[in-house]
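Shown next, in structure tokens, is the structure this report addresses.
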Amino acid sequence: MKIARAALHASQIIAGVAGISAIAGIGAVAAARAVMPRPPKRHRGRVVLITGGSRGLGLALAHRYGRSGAKLVLVSRDSDELTHARDMLLRHKAVKHPDDILLLPADLTDAKQAATLVDYAVGFFGHIDILINNAGVIEVGPVEDQPIEAYQRAMATNFFASLYTTNSALPHLLQRNHIYGQASIVNIASIGGKFAMPHMLPYVASKFALVGYSQGLHAELRHKGIRVTTVCPGLMRTKGEAHAHFTGQTKKEERWFKFSAKTPILAASANRAANKIYNAVVAGRAEITITPQAWLAARIAGLAPESTQYIASLVNQFVLPAPSSQSLSIPERSIYPSTAIWVKRT
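Position 286 of the sequence shown, counted from 1, bears residue number 286 in full-length UniProt numbering, the numbering being contiguous throughout.
Encoded structure:
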């Protein structure tokens, strides 16, 4: 009965979403798009830097921008994957000449490496026009089984890597925009940055942080002519599940996550997502949600957060695997320092 009532409540909310969005949004969107010039649909001579560009969505974006005439800077930790990506792009004629692709192996969780690669890219091509922060990691498992290191990994890659790369690229983007206009920053977040999915808390926390940062960046840079687009995809068939970290009952966690990520009715293909992102950036969109399910989830979460969280709790209780441990692990050392540090004896 509880599940039925929750579903009925959600269905009543859904009916009003389209009308509210149309009334509240059409005028504002039209006005915003009229203020700023639109980027060219063809990107001949433009330089696009894509982090996480060696596979999955990053590689699909490289293919899409390459076909539009852009020069590409692809960044990844894995140099072999980068070489494979370049060969694939040349083989499929997405890029016509090897000199139009720069491969930069780097760990973007290191601020110094992020700054170095941006400077190298600018030195190689002369400028950067579009920065796409796509690098990310996925952590899957119940909260009882998630170590602190999982949160640290997720925040380091999904949030701080984007922050470091953006901070390093921003002076160059502002300079380029001042001369030629139409510079852009694209942050690949997730529906997990709008809706807290159970068994993915490290990922969710990092993507909520990225969404907030990206929206704030848009507000601060818009009047300077830098377009910032926040992308919130739902599930995508990018083979990202093969690189996810699983905790708890790992086999069961892998099973539900991989099933969801590979099911066409639930997940979008990387190429379809890349086309939508490309068109959104060309149109100067501030935000885009990919897949109808993600669009709906984001709006219901905004309009009825209590109902959304209740439904998520039912999914956690009745659908997802139980934790392998019943309590969070407590560090051996004391959580609080000795009172002698805090209290001065009198």
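No residue lacks a Cβ here, since even glycine has one placed at the ideal position from N, Cα and C.
| Check | Outcome |
| --- | --- |
| Where do the N-terminal and C-terminal ends of the beta strand (DSSP E) with Lys71 fall, by residue? | 71 to 76 |
| Let me know the secondary structure DSSP gives Leu59 once reduced to three states. | helix |
| Got a sec? Which residues, its chain only, sit under 7 angstroms from Gly192 by beta carbon, not counting five neighbours each side? | Met200, Tyr203, Val204, Lys207 |
| Whose C-beta lies closer than 6 angstroms to the C-beta of Ala106 among residues of the same chain, with five residues either side of it excluded? | Val75, Gln113, Leu117 |
| Roughly how many angstroms separate the alpha carbons of Glu81 and Ser54, rounded to a whole number? | 6 angstroms |
| Just to confirm the assignment: which complete beta strand (DSSP E) runs, minimum length 3, are found wholly within the region 75 to 118? | 101 to 105 |
| If I measure Cβ to Cβ from Ala280 and keep anything under 8 angstroms in the same chain, skipping five residues before and after, which residues do I get? | Thr229, Val231, Ile288 |
| Using C-beta distances below 6 angstroms, list every residue in its chain close to Ser79, excluding the 5 sequence neighbours before and after it, in chain order. | Pro105 |
| Which one or two residues does DSSP pair with Arg272 in a beta bridge? | Beta-bridge pairing links Arg272 to no other residue. |
| With three or more beta-carbon pairs closer than 8 angstroms as the criterion, would you say the region 45 to 61 touches the region 132 to 144? | yes |
| Whole angstroms is fine: what's the gap from Asp87's alpha carbon to Ala322's? | 43 angstroms |
| For residue 373 and Ser168, what's the separation of their Cα atoms in angstroms? | Given that the chain is displayed from residue 1 to residue 346, the structure contains no residue 373 and the question cannot be resolved. |
| Taking Thr263 as the reference, which of Tyr278, Gly248, Val282, Thr291 has the closest Cα? | Thr291 |
| When you compare the region 180 to 196 with the region 146 to 156, are there three or more beta-carbon pairs, one atom per stretch, that lie closer than 8 angstroms? | no |
| Ordered along the chain, which non-local residues of its own chain (more than five positions away) have a Cβ less than 6 angstroms from that of Ala209? | Phe159 |
| Measure the C-alpha to C-alpha separation of Arg176 and Val73 and round it to an integer number of angstroms. | 16 angstroms |
| Which same chain residues, not among the five before or five after Ala115, have their C-beta less than 7 angstroms away from its C-beta? | Ser168 |
| Please identify the residue among Asn275, Pro171, Val211, Gln317 whose C-alpha is closest to the C-alpha of Ala286. | Val211 |
| What does DSSP give as the partner residue(s) for Thr289 in the beta ladder? | Cys232 |
| Which one of Tyr65, Leu320, Ala298 has the shortest CA to CA distance from Thr247? | Leu320 |
| Tell me which residues share the same chain as Val95 and place their Cβ nearer than 7 angstroms to its Cβ, disregarding the 5 neighbours each side in the sequence. | Gly66, Leu72, Leu89, Ile101 |
| I'd like the list of long-range same chain contacts for residue 348, defined as Cβ closer than 7 angstroms, with 5 residues on each side in sequence excluded. | In the structure as shown, the chain starts at 1 and stops at 346, and residue 348 therefore has no counterpart that could be examined. |
| Quick one: what does DSSP say Thr263 is sitting in, helix, strand or coil? | coil |
| Classify Phe318 as buried or exposed, calling it buried when 16 or more other Cβ atoms lie within 10 Å of its own Cβ. | exposed |
| Grouping DSSP H, G and I as helix and E and B as strand, with all else coil, what is Ala22? | Any reading at Ala22 needs caution, since the residue's pLDDT is 38, under 50, leaving its predicted position unreliable; the model's value is listed next. DSSP places Ala22 in helix when its eight states are reduced to three. |
| Drop a sphere of 10 angstroms on the beta-carbon of Ala219, count the other beta-carbons inside from all chains shown, and report buried for 16 or more, exposed for fewer. | exposed |
| Since Ile185 is in the beta strand (DSSP E), which residue starts that stretch and which ends it? | 184 to 188 |
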